[in-house]
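Under the numbering used here, think of the first position of the sequence shown as 1, with each following residue one higher.
Even for Gly, the Cβ is constructed at its ideal location relative to N, Cα and C.
Treat the numbers as computed from the prediction; the structure is a model and nothing was measured.
One structure below.
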Amino acid sequence: MKALRTMIVIATLLILVACSPVRIQPEAMYTMSRYALPSPPYQANSSLSILVTTPIAAPGYHTAKMIYMIKPFELQYFANNRWVAPPADLLLPVLTHALRNTHYFYAVASSPFSGFTDYRLDTQLLMLQQEFKLPHSRIHLVLVASLIQNKTNRVIATQTYNLIRPTVYDTPYEGVVTTTQTAHLIATDLAQFVVRNISHFHGGNP
């Protein structure tokens with residue numbers, strides 16, 4: 001009898017939950033991956049190698065939460081939208097892929113690789129947020145890159161990217177779309193910057 005009453009109580013609770021008007025909105029998860037179809041067999045234009053380290057995020061930005069800003073200096077987070085990993089971690093494969101697509105390097109490695117390479121690309125993610133301003137929101141991404149020769153630990157060149165790009169709609173998803181576009185634009189330009197400076201450092205010789 002006691003078991004029967006327990007089953008009735010459980011069944012009643014399940015019915016009440018099913019009929020409840022309150023619905024918990026599922027959390028949306030996003031990434032920055034946007035890779036093209038496989039390219040032809042890789043032909044390196046040099047015998048050099050490079051390591052791409054995981055970008056270091058500034059305080060407040062090393063989180064998988066999607067950040068937005070309405071008032072200056074105040075970081076807020078979307079409740080039901082987040083990245084699959086902190087954006088700094090998501091940028092690593094984007095940067096690595098862009099460098100491989102230059103076909104300049106004999107090898108392009110990425111963290112946590114611990115072997116020796118000729119060069120290293122260190123980056124810092126200083127800002128990545130969706131700013132809500134009229135007439136539409138915008139993505140603000142700031143990335144600082146340092147190209148280093150590993151043998152001497154010498155900084156060959158540095159570059160700062162400070163991009164602000166408007167979104168089409170004021171939604172978290174449009175923020176993701178614009179962020180992804182911005183990240184890939186930066187990665188492509190940064191890859192050319194790296195190749196150009198290493199080539200110049202070697203006197204134009206691979």
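Check whether residue i and residue j have beta carbons under 8 Å apart
i    : j    : result
I50  : L99  : yes
R120 : T53  : yes
M217 : W83  : A query on residue 217 cannot be resolved here, the shown segment of the chain reaching from 1 to 206 and no further.
F113 : P172 : no
F105 : A44  : yes
T152 : M32  : no
Same chain, Cβ closer than 6 Å to residue i, five either side skipped, listed in chain order
i    : result
E174 : T167 and V168
A145 : T123, Q159 and L190
S111 : T53 and T54
L13  : Annotation note: pLDDT 47 at L13 (below 50); position unreliable, no value reported.
Q192 : none
Residue i to residue j span [Cα, whole Å]
i    : j    : result
V108 : F116 : 11 Å
H202 : S46  : 11 Å
R165 : H140 : 7 Å
A157 : T102 : 18 Å
H97  : V194 : 13 Å
A28  : E74  : 23 Å
L134 : T188 : 30 Å
P26  : S199 : 49 Å
V177 : L92  : 18 Å
H184 : P72  : 26 Å
Y30  : Q130 : 15 Å
Three-state secondary structure (DSSP) of residue i
i    : result
E131 : strand
L75  : coil
H136 : coil
N80  : strand
N162 : strand
R196 : helix
T63  : coil
V177 : helix
V155 : strand
R120 : strand
I148 : strand
I186 : helix
Status (buried if at least 16 other CB within 10 Å, exposed otherwise) for residue i
i    : result
N162 : exposed
P86  : buried
I186 : buried
L90  : buried
L95  : buried
V155 : exposed
N81  : buried
L48  : buried
Sequence-distant residues of its chain with Cβ nearer than 8 Å to residue i (five each side left out)
i    : result
T182 : I139, L141, L163 and R165
A58  : Q124, L125, L126 and M127
A88  : T54, P55, I56, A57, Y61, H62 and L125
N150 : L51, F116, T117, D118, Y119 and R120
Q76  : I67, Y68, M69 and I70
N197 : L147, I156 and A157
Distance cut-off 7 Å: residue i Cβ against heavy atoms of the ligand COA
i    : result
T123 : Questions concerning the ligand COA fall outside what the structure shown contains, since it holds no ligand whatsoever.
Own chain, CB closer than 7 Å to residue i, minus 5 neighbours either side, in chain order
i    : result
I10  : Note that I10 scores a pLDDT of 48, beneath 50, so its modelled location is shaky and nothing firm can be said.
R34  : T180 and H184
D170 : F132, H136 and S137
Contact with chain D by residue i, beta-carbon distance below 8 Å
i   : result
P59 : As a matter of chain content, chain D is missing from the structure shown, which is built from one protein chain.
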